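In the working numbering, the protein residues as written are 62 to 144. We put the CB at the ideal spot given by N, CA and C, even for glycine. Quick caveat: nothing in here was measured; it's all calculated off a predicted structure. Encoded as structure tokens, the structure appears first; notes follow it.
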């Protein structure tokens, strides 16, 4: 399998707005990955899924109205060759 890392950064006035925006984006990506086309990334792999969602630490960057998450997506491949 291969790992795909996707960083999502949003800017909003409140933490609640930032969290809602991030959750909405993750939901759209998740919905795509369970769709017929998205489950194989349009035929590029055999299967893929979100493995984890981690919060990015933005506190040291002086960006008070910015939040981010990193998605770890696993792309699985099946090969006829065992090597």
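Could you give the first and the last residue of the continuous beta strand (DSSP E) run that contains residue i?
i: residue 116; result: 108 to 116
For the candidate residues the options, whose alpha-carbon lies nearest to that of residue i?
i: residue 109; options: 142, 74, 82 and 134; result: 134
On the premise that residue j lies in contact with residue i, defined as a C-beta separation below 8 Å, what is that separation, rounded to the nearest angstrom?
i: residue 71; j: residue 128; result: 6 Å
i: residue 62; j: residue 136; result: 6 Å
i: residue 73; j: residue 126; result: 6 Å
i: residue 107; j: residue 75; result: No, residue 107 and residue 75 are not in contact; Cβ-Cβ is about 41 Å, not under 8 Å.
Looking at residue i: is its Cβ nearer than 7 Å to the Cβ of residue j?
i: residue 69; j: residue 86; result: yes
i: residue 115; j: residue 131; result: yes
Residues bridged to residue i by DSSP?
i: residue 65; result: 134
i: residue 72; result: 127
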